[in-house]
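Undergrad: Chains H and Z supply the protein sequences, listed in that same order.
Going by numbering that gives the first Met the number 0, the first residue of the first sequence is number 0, and it counts up by one from there.
Going by numbering that gives the first Met the number 0, the first residue of the second sequence is number 0, and it counts up by one from there.
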Amino acid sequence: MKFNKMLAAVGVTSMLMGTALAGCSSDSSGDGGSSDGEQVTVELAGWGSTPEEKELLNQTLQEFEESHPNIKVEHEVIADQYMDVMKTRLVGGEAADVFYLDAFEAPGLAKTGVLEPLDEYVTDEFDVDDFQDPLLNAFKFDDKQYGFPKDFSTLALFYDKQAFEEAGLEGPPKTWDELREYADKLTVDEDGDGQPDQYGLGFSSELARQFYKLHPYGAKVTNENNEAAFASDKAIEALQPIVDMKKDKIAALPSDAGTDWGGDMFGQGKAAMVIEGNWTVPFLESNFSDKDYATAELPTVNGEKATAAFTVAYVMNKQSEVKDAAWELISYLTGKEGMKTWTSKGLALPTRESVAAELGFDEDPIRKAFVAGASYAQPWQAGPNLPTINNNFNNQFTSALLGDQSLEEALKKAQETANKEIKASN
Amino acid sequence: MSKGMKEGISGYLFMTPTIFTIGVFVVIPILYAFYLSLNDVQLLGGIGYEFIGLENYTRTLDDTRAMIALKNTAEYVLIVVPVQTCLALLLAAALNSNIRGKNAFRIIFFLPTVTSSAVLTIIFMWMYNPDGLINTFLSFLSLPTYNWLADPDIALKSIMIMNIWATAPFFMVIYLAAMQDISDSVYEAATIDGANWWQKFIFITVPILKPVTFFVVVMGVIGTFQLFDQSYIFSGGSGGPNNSTLTVVLLIYQYAFKSLDMGYASALAVVLAFIIMIVTIIQKKFFGEEKLHD
Chain H
0 MKFNKMLAAV GVTSMLMGTA LAGCSSDSSG DGGSSDGEQV TVELAGWGST
50 PEEKELLNQT LQEFEESHPN IKVEHEVIAD QYMDVMKTRL VGGEAADVFY
100 LDAFEAPGLA KTGVLEPLDE YVTDEFDVDD FQDPLLNAFK FDDKQYGFPK
150 DFSTLALFYD KQAFEEAGLE GPPKTWDELR EYADKLTVDE DGDGQPDQYG
200 LGFSSELARQ FYKLHPYGAK VTNENNEAAF ASDKAIEALQ PIVDMKKDKI
250 AALPSDAGTD WGGDMFGQGK AAMVIEGNWT VPFLESNFSD KDYATAELPT
300 VNGEKATAAF TVAYVMNKQS EVKDAAWELI SYLTGKEGMK TWTSKGLALP
350 TRESVAAELG FDEDPIRKAF VAGASYAQPW QAGPNLPTIN NNFNNQFTSA
400 LLGDQSLEEA LKKAQETANK EIKASN
Chain Z
0 MSKGMKEGIS GYLFMTPTIF TIGVFVVIPI LYAFYLSLND VQLLGGIGYE
50 FIGLENYTRT LDDTRAMIAL KNTAEYVLIV VPVQTCLALL LAAALNSNIR
100 GKNAFRIIFF LPTVTSSAVL TIIFMWMYNP DGLINTFLSF LSLPTYNWLA
150 DPDIALKSIM IMNIWATAPF FMVIYLAAMQ DISDSVYEAA TIDGANWWQK
200 FIFITVPILK PVTFFVVVMG VIGTFQLFDQ SYIFSGGSGG PNNSTLTVVL
250 LIYQYAFKSL DMGYASALAV VLAFIIMIVT IIQKKFFGEE KLHD
């Protein structure tokens, strides 16, 4: 009797231990080496996108697989918190061979050495000089190229033609002073409750959407030590106009109108003008197809043309076991052929000058404003500490917009907190 | 082998699976987190530990955002726990009386508890929209409307309202079970002495429920100190607007997975664990003094 009990205990225990341990040890990875003629699988990870974009990417990948029969691409979409997931996977050694990297995060990631420098893979045929320099340089650190930009988008002004007509306005505003006047005229409060039903301008408060105004005033986001340096008088001068417009209720954040982002706000007619990127075009086409709108280059800031450029590159994981195949994929996707397919519908703009010229987006009535911006756009990037700086700026700038504190106070506080955090983490 | 020793061994053998599981998934992670909190941990591009002693802990004192997170969390606990406890008690008392359709009410009131908190949060965000249900209702009653999600003064309170609504029914069920255990004869005696409903509630029900209240408050405090998912979804992970929905656990998440600063994140987690422990000990002092003797 006793003996039986003990036997049972031992049995149950060993069974449970067995299953628990078996879970840990099943790490039988096949070798990823690409011996001759063998099928190689390259993993590609990116964030979610619109159905239209997804289809285009699938088409591009299909064309790649057809021309490279021994390489199979496994595409994975990371739907939410892309960088958090990516970093965690890089730590765990489980990251994809090729993945998207936003210029904004690139310096921080390149610094850690998890990315494979691509210089030695590049051939003459790949034609690096064809890329637009500012976009290429966004992924170049210590003279090493860590990624090739797959596409980019600049900011432009979207304006509602019908609203312009009703307000008796013609053509887009050319300067920020004019933008203010326009916004004033375009703000409509039908029921007179003090909350406009149509704001003149819808804008996003994030640093990503504000930083381009600093340069024309001679202000900067960061100093040479990669610390935050935006709390200068010049920066205040650059940012005060938008704070004032918000205070006077002629400009509003998407959340003020119960919308998620500028494109939605514009589509729903809650803003007559918005400053948004290229991505808004397909959104408006599929959700607000009867909207009569036009785009224009952004109004000049302090007499200078200025806009922001956002770009994303394909980069290679340093731990990848199929580097040659991974390069094949990168060079195809950012090469002339692949980029042409990928950008053919104009969802994003090609980073190669030859492709841009071939597709003729500079003549497209809606897209030419974005293309024109490319020549003077500032890429959204400012050193490895930008995520921290960005976070603190956004937090404080919001309260300045809400009138809880002056812009000067907000910027000072944001800068101090950011630099304290940067110092503590290094 | 003596009989006692044999029994001892078989006892431990039966416990082995549990000890193993708890060891691997609870005890070791706790010890590891404590170890991490004393190190400067480098994760990306080669894992490296550098022992830095208590530096991560002293860093919290100088971290503005940690202080804001702590303040927000404390404010949240101080408001949510008493309100949800009182509400749970009152709801339970109401459902314990002989009102019509009390079974239906019990089911309806319990519904929020069975719904996933992520789903609840998204539904509430929709209702909190400036043009949403709540503002429409408020303006119908000619009451002031708020920008529930984007106004830093209101955002945390929006989460409070939602959380009270969602967790009070859970504690209500616990109270209800305890109330039905109270013998009728006690109330009958009180009725003979001429006590009214309110007097019976205050002088009989509430004192008898004291041990249950201790449980409810402790669970409430632990749950509210660990607020994460609601504020994460509300602010898209940022703790905004203007740090107003930043909680300690959200800050730990940000440091651990956004900045990959595991050492500092672990230090914050240890600090939070200590705070919860101290608060619980204080509560035990308050509630634990007099025990119920049957």
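We put the CB at the ideal spot given by N, CA and C, even for glycine.
I'd like the span of the alpha helix (DSSP H) that includes H/T279, first residue to last.
TA: Reading the first sequence from its first residue, position 280 is the one you call residue 279 of chain H. Unbroken alpha helix (DSSP H) run through H/T279: T279 to N286.
Undergrad: Give me the Cβ distance between H/E226 and H/I77, rounded to the nearest whole Å; I'm assuming they're in contact under 8 Å.
TA: One-based indexing of the first sequence puts residue 226 of chain H at position 227. One-based indexing of the first sequence puts residue 77 of chain H at position 78. That pair is no contact at about 31 Å.
Undergrad: I'd like to know if the stretch 245–261 of chain Z and the stretch 37–55 of chain Z are in contact, where contact means that at least 3 CB-CB pairs between them fall below 8 Å.
TA: Judged by Cβ distances under 8 Å, the stretch 245–261 of chain Z makes contact with the stretch 37–55 of chain Z, as three or more pairs qualify.
Undergrad: Kindly list the residues whose CB is nearer than 6 Å to the CB of Z/N55, restricted to its own chain and excluding five residues on each side of it in sequence; keep chain order.
TA: Taking the second sequence and counting its residues from 1, the one referred to as residue 55 of chain Z is at position 56. Taken in chain order, the residues that qualify are S36, G262, Y263 and A266.
Undergrad: Is H/F98 buried or exposed, if buried means 16 or more other CB atoms sit within 10 Å of its CB?
TA: Here residue 98 of chain H refers to the residue found at position 99 of the first sequence. Its Cβ being crowded by 16 or more others within 10 Å, H/F98 is buried.
Undergrad: Could you have a look at H/G45 and say whether DSSP puts it in helix, strand or coil?
TA: Here residue 45 of chain H is taken as the residue at index 46 of the first sequence, counted from 1. In the structure shown, H/G45 sits in a strand (DSSP, three-state: E or B).
Undergrad: Does the count of Cβ pairs from the stretch 313–331 of chain H and the stretch 139–158 of chain H closer than 8 Å reach three?
TA: Judged by Cβ distances under 8 Å, the stretch 313–331 of chain H makes contact with the stretch 139–158 of chain H, as three or more pairs qualify.
Undergrad: Please confirm if Z/P143 has its CB atom under 7 Å from at least one CB of chain H.
TA: As a position in the second sequence, residue 143 of chain Z is number 144, starting the count at 1. So no, Z/P143 is outside the interface.
Undergrad: Report the residues of the stretch 90–117 of chain H with a CB closer than 8 Å to any CB of chain Z, ordered along the chain.
TA: Against chain Z - using a Cβ distance shorter than 8 Å - the residues of the stretch 90–117 of chain H are V90, L108, T111, G112 and V113.
Undergrad: Do you know how far the Cα of Z/P81 is from the Cα of H/D196?
TA: Against the first sequence, residue 196 of chain H aligns to sequence position 197. Against the second sequence, residue 81 of chain Z aligns to sequence position 82. Rounded to whole angstroms, H/D196 to Z/P81 spans 40 Å at the Cα level.
Undergrad: Applying a beta-carbon distance threshold of less than 8 Å, which residues of chain Z neighbour H/G257?
TA: Here the question's residue 257 of chain H lines up with position 258 in the first sequence. In chain order: N128, P129, D130 and G131.
Undergrad: Return the CA-CA distance between H/Y158 and H/T279, expressed in angstroms with no decimal places.
TA: Taking the first sequence and counting its residues from 1, the one referred to as residue 158 of chain H is at position 159. Taking the first sequence and counting its residues from 1, the one referred to as residue 279 of chain H is at position 280. In a straight line, the C-alpha of H/Y158 is about 12 Å away from that of H/T279.
Undergrad: I'd like the span of the alpha helix (DSSP H) that includes H/P50, first residue to last.
TA: Here the question's residue 50 of chain H lines up with position 51 in the first sequence. Taken as a continuous stretch (DSSP letters only), the alpha helix (DSSP H) holding H/P50 covers P50 to S66.
Undergrad: Expressed to the nearest angstrom, what Euclidean distance is found between the alpha-carbon atoms of H/T387 and Z/N38?
TA: Along the first sequence, read from residue 1 onward, the residue named residue 387 of chain H stands at position 388. Along the second sequence, read from residue 1 onward, the residue named residue 38 of chain Z stands at position 39. C-alpha separation (whole angstroms): 21 Å.
Undergrad: Just to confirm my understanding: we take H/V72, look at its own chain, exclude 5 residues before and 5 after, and list those with CB closer than 7 Å. What are they?
TA: Working through the first sequence from its first residue, we reach residue 72 of chain H at position 73. Contacts found: V41, L43, L60, F63, E64 and L328.
Undergrad: Scan the stretch 246–265 of chain Z for residues whose Cβ lies nearer than 7 Å to a Cβ of chain H and list them as they occur along the chain.
TA: So the list reads F256, K257, S258, L259 and D260, given in the order they occur along the chain.
Undergrad: Are the C-beta atoms of Z/P111 and some chain H residue less than 7 Å apart?
TA: Taking the second sequence and counting its residues from 1, the one referred to as residue 111 of chain Z is at position 112. Answer no: the Cβ-Cβ gap between Z/P111 and chain H never drops below 7 Å.
Undergrad: Kindly indicate which residue of Z/T223, Z/T246 and Z/T57 has the alpha-carbon position closest to the one of Z/S234.
TA: The count along the second sequence starts at 1 and reaches residue 234 of chain Z at position 235. Of the candidates Z/T223, Z/T246 and Z/T57, the one whose C-alpha sits nearest the C-alpha of Z/S234 is Z/T246.
Undergrad: Per DSSP, what kind of secondary structure is H/E357 in: helix, strand or coil?
TA: Against the first sequence, residue 357 of chain H aligns to sequence position 358. Here H/E357 sits in helix by DSSP.
Undergrad: With H/L154 as the anchor, note down where its beta strand (DSSP E) starts and where it stops.
TA: On the first sequence, residue 154 of chain H is found 155 positions in, with the first residue counted as 1. From DSSP, the beta strand (DSSP E) with H/L154 extends over G146 to D159.
Undergrad: Does DSSP classify Z/R64 as helix, strand or coil?
TA: Start at 1 with the first residue of the second sequence, and residue 64 of chain Z comes out as number 65. Helix at Z/R64.
Undergrad: Would the beta-carbon of H/T340 fall within 7 Å of that of H/Q58?
TA: Position 341 of the first sequence, counted from the first residue, corresponds to residue 340 of chain H. Position 59 of the first sequence, counted from the first residue, corresponds to residue 58 of chain H. Yes; because the gap between Cβ atoms is below 7 Å, this pair is in contact.
Undergrad: Listed from N- to C-terminal order along the chain, which residues in the stretch 385–408 of chain H have their beta-carbon within a distance smaller than 8 Å of any beta-carbon of chain Z?
TA: Against chain Z - using a Cβ distance shorter than 8 Å - the residues of the stretch 385–408 of chain H are P386, T387, N390, N393, N394, Q395, T397, S398, L401 and D403.
Undergrad: Under a CB-based cut-off of 7 Å, is Z/D39 close to chain H?
TA: Working through the second sequence from its first residue, we reach residue 39 of chain Z at position 40. Not one chain H Cβ lies under 7 Å of Z/D39.
Undergrad: Helix, strand or coil for H/A305, going by three-state DSSP, please let me know.
TA: Reading the first sequence from its first residue, position 306 is the one you call residue 305 of chain H. Coil.
Undergrad: H/Q380 and H/A230: beta carbons closer than 7 Å?
TA: For the purposes of this step, residue 380 of chain H is taken as the residue at position 381 of the first sequence. For the purposes of this step, residue 230 of chain H is taken as the residue at position 231 of the first sequence. The answer is no: Cβ separation not under 7 Å.
Undergrad: Counting contacts by CB-CB distance shorter than 7 Å, is H/K86 in contact with chain Z?
TA: By one-based count along the first sequence, residue 86 of chain H stands at place 87. Yes, H/K86 lies at the interface with chain Z (some Cβ there is under 7 Å from its Cβ).
Undergrad: From this set, Z/G7, Z/I173 and Z/D62, which residue's C-alpha is nearest H/A417's C-alpha?
TA: Reading the first sequence from its first residue, position 418 is the one you call residue 417 of chain H. Of Z/G7, Z/I173 and Z/D62, the residue nearest in Cα terms is Z/D62.
Undergrad: For H/S424, which residues in chain Z fall below 8 Å Cβ to Cβ?
TA: Taking the first sequence and counting its residues from 1, one reaches residue 424 of chain H at position 425. Correct list: S258, D260 and Y263.
Undergrad: Give, in chain order, every unbroken run of the beta strand (DSSP E) that is at least 3 residues long and sits entirely within the stretch 1–66 of chain Z.
TA: Complete beta strand (DSSP E) runs here, min 3: 38–41 and 47–50.
Undergrad: Please report how far the alpha carbon of H/F369 lies from the alpha carbon of Z/D228, in whole angstroms.
TA: The residue labelled residue 369 of chain H in the question sits at position 370 within the first sequence. The residue labelled residue 228 of chain Z in the question sits at position 229 within the second sequence. Approximately 38 Å between the Cα atoms of the pair.
Undergrad: Does the Cβ of Z/N102 have 16 or more other Cβ atoms within 10 Å, making it buried, or fewer, making it exposed?
TA: Residue mapping note: residue 102 of chain Z aligns to position 103 of the second sequence, counting from 1. Exposed, by the Cβ-count rule.
Undergrad: Where does H/R88 sit, in a helix, a strand or coil, going by DSSP?
TA: As a working note, residue 88 of chain H is residue 89 in the first sequence. In the structure shown, H/R88 sits in a helix (DSSP, three-state: H, G or I).
Undergrad: Determine the closest residue to Z/D152 out of Z/R64, Z/N242 and Z/Y252, with distance taken between C-alpha atoms.
TA: For this step, residue 152 of chain Z is matched to residue 153 along the second sequence. Closest by alpha carbon: Z/N242.
Undergrad: With the cut-off set at 7 Å, would you say H/A298 and H/P215 are in Cβ contact?
TA: Counting from one through the first sequence, the residue named residue 298 of chain H turns up at place 299. Counting from one through the first sequence, the residue named residue 215 of chain H turns up at place 216. Residue 298 of chain H is actually Pro in this sequence, not Ala. No, the pair does not count as a contact, with Cβ atoms beyond the cut-off.
Undergrad: Looking at the structure shown, is H/G201 part of a helix, part of a strand, or coil, going by DSSP?
TA: Your numbering for residue 201 of chain H matches position 202 in the first sequence. Strand at H/G201.
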